[in-house]
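The sequence shown lines up with residues 1 to 67 when you count with our numbering. Every residue gets a Cβ at the ideal spot worked out from N, C-alpha and C, and that includes glycine. Please read these numbers as outputs of a predicted model, since none were measured by experiment. So the structure is just underneath, and the comments pick up after that.
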Amino acid sequence: MLSALFFYLFAILCVGAAFMVISVKNPVHAVLFLILAFFNAAGLFVLLGAEFLAMILVVVYVGAVLV
1 MLSALFFYLF AILCVGAAFM VISVKNPVHA VLFLILAFFN AAGLFVLLGA
51 EFLAMILVVV YVGAVLV
């Protein structure tokens with residue numbers, strides 16, 4: 001029950017952040033929303049039992065965006 005709540009929370013936040021990436025005008029804000037979308041996707045992977053994939057997503061994609 002609680003995991004379903006977290007799943008829907010992460011999914012809604014991920015879709016919302018992805019929508020904000022393509023709708024905001026400021027590129028800095030778009031990058032911050034992209035990082036938020038990546039963290040929410042990593043949260044979804046953790047809930048699905050793929051912790052290694054979540055860690056790789058955060059390290060590779062968020063690390064690449066920050067550089």
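First through last residue of the alpha helix (DSSP H) which encompasses residue i
i	result
residue 65	63-66
residue 20	2-23
Residue i, DSSP secondary structure in three states
i	result
residue 50	coil
residue 26	coil
Nearest neighbour of residue i, chosen from the options [CA to CA]
i	options	result
residue 19	36, 60 and 64	36
*Is the segment 21-33 touching the segment 43-54, taking contact as three or more C-beta pairs under 8 Å?*
no
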